[in-house]
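Number of protein chains: 2
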Amino acid sequence: MATRRATINDVASLAGVSIATASKALNGRQDVRAATRERVLAAAAELSFQPNALARGLLSGQTRTVGLLTSDSVGRFGIPVLLGAEDAFGAGEMAVLLCDARGDAIREQHHLRALLSRRVDGLIVVGESTNPRPSVSKDLPVPVVYAYGPSEDPSDVSFVPDDVGAAAMAVNHLLAMGRRKVAHLTGPTHYKAARDREEGLRLALAEAGLAQAGQTLSGPWSQRWGRHAAEMLLMAEPHVDAVFCGSDQIAAGFVETARERGRRVPDDIAVVGYDNWEVLSTETRPALTTVDMNLESLGRTAAQHLFAAIDGKATPGVHKMPCQLVIRDSTSPPGVS
Amino acid sequence: MATRRATINDVASLAGVSIATASKALNGRQDVRAATRERVLAAAAELSFQPNALARGLLSGQTRTVGLLTSDSVGRFGIPVLLGAEDAFGAGEMAVLLCDARGDAIREQHHLRALLSRRVDGLIVVGESTNPRPSVSKDLPVPVVYAYGPSEDPSDVSFVPDDVGAAAMAVNHLLAMGRRKVAHLTGPTHYKAARDREEGLRLALAEAGLAQAGQTLSGPWSQRWGRHAAEMLLMAEPHVDAVFCGSDQIAAGFVETARERGRRVPDDIAVVGYDNWEVLSTETRPALTTVDMNLESLGRTAAQHLFAAIDGKATPGVHKMPCQLVIRDSTSPPGVS
DNA sequence: CTCCTGGACTTAAAGGTTTTCGGAAACGTA
DNA sequence: TACGTTTCCGAAAACCTTTAAGTCCAGGAG
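Respectively, the protein sequence lines represent chains R and W.
Using the numbering used here, the first residue of the first sequence is number 1, and each one after it goes up by one.
Using the numbering used here, the first residue of the second sequence is number 1001, and each one after it goes up by one.
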């Protein structure tokens, strides 16, 4: 713990060669006799030599490090994206510098400067919601990729879940199960996610030539709101046979209240949630059919794209990543799933 | 994006001074005339100069960067610890290199080497459970602090939640509410957390001269097990008036089944959970009284301790961090909370 | 006038690594 | 012997910043 770390100089002296030769031997380059290479490698092992990445980066201009800037990692959605990205980078021998701006713009600027000063090779910005956010990439000397929350600037590179397509897929599944009166409970309309999911519902119903059962009910993304909305919906539209919910929390609340009101799920009413938050979706009774946004995969893809952008060229624009419908008991008769 | 980044050399030329003077001006040191300093600062702003942290680190031997090594960040417990640590470091102008070993020992070694090669000033190791884990700090040239999951080596520095104390606090709360027949449902006994919490229960009951109601029931940390255990408990010990659960998931399952069996919570049976996982603890009906391990604060404390260890001296040993009892409706009569 | 002091600035070294280029030795050919 | 080629190795520059040491000059004291 106290001893100075070994440098390539120490290795070279111990092996009895120059530092140039030591470097070549350690990096597996030509122009070194096999016996000499062996001696150098032995010396390096003896001293447990670790090349100094700072010196290397200073010379090459590449740090093999990327910055991960999150606006609000407390949120449930940023974490899986972050893990996916970390996974992709780890596999590529890259290191990840994590910064959490906590939703504060000046803290974000501060972190940005710190990352640039550390000469990161690239940057991933993870949003807290799918609402577009101000671009950070004006005149930055490194490529930037946005994940989950896209940049407002369409010439930036962004990866977002395909909420519209996923919602349409969920509703089509309900229609395929023979349902015809589909209602919609969702979150606040100032969330683009809520608007997109409603849009997907609208498209799917229009294609099938059906009308929505009642009005879309918007409220907080909470189980409590799901229960409350259930009361309102069952009162206003007693004959509804399917409900598409904008989140698993809302769906869990709906299922609970529907059961208390004597409606059987899925026999009387089929329910689809959103997010596949497993503590809710697998523990409600019946377990929820729900949309999984594949966030970890989204993070991985964003990271891989950042690789590409660092090497050569990026493909700008907003890339919509496909989601996946996880079918459980809340839409299929028990025993079928 | 394409232009080479400005160095202090460029700043110096533009300001018409030597690089030494530029350096002194930028770092606010003495021996620079006010007018000269102003000229240098203007030049730096003009070129949007950012000092190269690599060169600085190479010279000073301090990178102002720490490694955060997590065994399994998918887990629910690592995340808050990580966030707390990131928070503390961010405030101190430190940067955090995030590595996720995904429970794989050789991947952990790999990350460890990468971090050392990047010359981190210190290391935080975040465990996936409170079970002691193999030490990583044998002959490491930097200080290491373990958070959540302690090191097996007692001469290392570890920060863990005080599960024994918290469990005793929870049980004392039940006793203070007049309960006398306290049962215990918890997770698998190969988790130290489960054993510690049972130990806390035992101590509190012994101090009050009471016997536990029935045997401790161990099973998975799941809501499903909570429901199943509830059936068993209510059959075996019909007169139980309080249940201390080893997790909120188990508590949520218990509450659900107890209500279906016609027991009122908290009137007939008071319930305490563990973890304060809000999606469960605030959404069960009634909302759960539960133990909050203050994980974010634990992470922050670990980070601050790492600071201290980097500067001067560390205080080795396992530090037990206090938890907090969050009192909600499941232990107090409705309307009181 | 000389000497000293201190302020303002510059020179040069150091930190660890990679890479380019040149040098030396060994060997084969004329 | 003279010369060209191959193989292996070393010297030195470069990356960017900080800092110790040195230079130069003006002004004050004697």
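C-beta atoms are modelled at their ideal positions from N, C-alpha and C, and glycine is treated no differently.
Mark residue i as exposed unless 16 or more other C-beta atoms lie within 10 angstroms of its C-beta, in which case mark it buried.
i: Leu1059 of chain W; result: exposed
i: Arg29 of chain R; result: exposed
i: Pro1322 of chain W; result: exposed
i: Ile1106 of chain W; result: exposed
i: Ser218 of chain R; result: buried
i: Ser137 of chain R; result: buried
i: Met1001 of chain W; result: Residue placement at Met1001 of chain W cannot be trusted, given a pLDDT of 49 that sits under 50; the coordinates are not used to answer.
i: Asn1027 of chain W; result: exposed
i: Asn1009 of chain W; result: exposed
i: Glu1152 of chain W; result: exposed
i: Pro1266 of chain W; result: buried
i: Gly317 of chain R; result: exposed
i: Glu1086 of chain W; result: buried
i: Val1336 of chain W; result: Its pLDDT being 45, under 50, Val1336 of chain W is placed unreliably by the model, and nothing is read from it.
i: Gly16 of chain R; result: exposed
i: Gly61 of chain R; result: exposed
i: Val1243 of chain W; result: buried
i: Ser1071 of chain W; result: buried
i: Ala1020 of chain W; result: exposed
i: Asp1163 of chain W; result: buried
i: Thr315 of chain R; result: exposed
i: Thr331 of chain R; result: buried
i: Arg37 of chain R; result: buried
i: Asp1104 of chain W; result: exposed
i: Gln1223 of chain W; result: buried
i: Asp1338 of chain W; result: No answer is possible for residue 1338 of chain W: the residues shown for chain W start at 1001 and end at 1337.
List, in chain order, every chain W residue whose beta-carbon is nearer than 7 Å to that of residue i.
i: Ala55 of chain R; result: Leu1058
i: Arg5 of chain R; result: Pro1141
i: Gln223 of chain R; result: Glu1283
i: Ala95 of chain R; result: Leu1097, Ala1114, Arg1118
i: Ile310 of chain R; result: Under the 7 Å cutoff, chain W gives no residues; its nearest Cβ is about 12 Å from Ile310 of chain R.
i: Glu86 of chain R; result: Leu1098, Asp1100
i: Ile79 of chain R; result: Ile1079
Mind pulling the chain R residues with CB within less than 9 Å of residue i?
i: Glu1046 of chain W; result: Within 9 Å Cβ-Cβ: nothing; Glu1046 of chain W doesn't reach chain R, min ~14 Å.
i: Leu1290 of chain W; result: For the sequence presented, residue 1290 of chain W should be read as Thr rather than Leu. Chain R residues near Thr1290 of chain W: none, gap ~15 Å exceeds 9 Å.
Can you pull the chain R neighbours of residue i, defined as C-beta to C-beta under 8 Å?
i: Gly1090 of chain W; result: Cys99, Asp100, Arg107, His111
For residue i, which residues in chain W fall below 8 Å Cβ to Cβ?
i: Leu340 of chain R; result: Given that chain R is displayed from residue 1 to residue 337, the structure contains no residue 340 of chain R and the question cannot be resolved.
State yes or no: is the C-beta of residue i nearer than 6 Å to some heavy atom of the ligand MG?
i: Thr36 of chain R; result: Although the ligand MG was asked about, the structure shown includes no ligands whatsoever.
What in chain R is Cβ-close to residue i, meaning under 7 Å?
i: Thr1216 of chain W; result: The contacting residues do not exist; Thr1216 of chain W stays about 23 Å from chain R at best.
Query - Minimum length 4: unbroken alpha helix (DSSP H) runs contained in the segment 239–274 of chain R - result: Given a length threshold of 4 residues, each whole run of the alpha helix (DSSP H) inside the segment 239–274 of chain R is given here in chain order: 248–260.
**Report entry** Three CB pairs or more closer than 8 Å across the segment 1214–1224 of chain W and the segment 1181–1198 of chain W
**Finding:** yes
Query raised in the report: Using Cβ-Cβ distances below 9 Å, what residues of the segment 1106–1135 of chain W are close to chain R?
Result: Listed by position along the chain: Arg1107, His1110, His1111, Arg1113, Ala1114, Leu1115, Leu1116, Ser1117, Arg1118, Arg1119.
Query raised in the report: Hey, which unbroken runs of the alpha helix (DSSP H) at 4 residues or more fall wholly within the segment 155–210 of chain R?
Result: 163–176, 192–208
**Report entry** Members of the segment 254–268 of chain R that neighbour chain W once the beta carbon cut-off is set at 7 Å
**Finding:** Taking 7 Å as the Cβ-Cβ cut-off against chain W, none of the residues of the segment 254–268 of chain R qualify.
Report task. Taking a Cβ distance cut-off of 8 Å, strictly less, list which residues of the segment 19–51 of chain R are near chain W, in chain order. Result -> Listed by position, the residues of the segment 19–51 of chain R near chain W (Cβ gap below 8 Å) are Gln50, Pro51.
Report task. Kindly provide the ranges of any beta strand (DSSP E) runs that are 3 or more residues long and lie completely inside the segment 91–141 of chain R, ordered along the chain. Result -> 95–100, 122–126
Report task. Could you name the residues of the segment 187–204 of chain R whose beta carbon sits closer than 9 Å to any beta carbon of chain W, in the order they occur along the chain? Result -> none
Report task. Could you name each continuous beta strand (DSSP E) segment of 3 residues or more that falls completely within the segment 1291–1321 of chain W, going from the start of the chain to the end? Result -> Listed in chain order, the complete beta strand (DSSP E) runs (minimum 3 residues) inside the segment 1291–1321 of chain W are 1317–1321.
Query raised in the report: If we count Cβ pairs, one from each stretch, closer than 8 Å, do we get three or more for the segment 286–295 of chain R versus the segment 1235–1248 of chain W?
Result: no
**Report entry** the segment 120–137 of chain R contacting the segment 54–73 of chain R, beta-carbon criterion three pairs below 8 Å
**Finding:** Short answer: they touch.
Report task. Select from the segment 1300–1333 of chain W all residues with a C-beta closer than 9 Å to any C-beta belonging to chain R, and list them in chain order. Result -> none
**Report entry** Ordered list of alpha helix (DSSP H) runs contained in the segment 1030–1086 of chain W, each at least 4 residues
**Finding:** Qualifying alpha helix (DSSP H) stretches, in chain order: 1034–1046, 1053–1060.
Requested in this report: Pair every Cβ in the segment 300–308 of chain R with every Cβ in the segment 88–99 of chain R, then say whether three or more of these pairs are closer than 8 Å.
Outcome: yes
Requested in this report: Kindly confirm or deny that the segment 1242–1260 of chain W and the segment 1268–1279 of chain W touch, where touching means at least three C-beta pairs closer than 8 Å.
Outcome: yes
Report task. Report yes or no: do the segment 135–149 of chain R and the segment 309–316 of chain R share at least 3 C-beta pairs separated by less than 8 Å? Result -> yes
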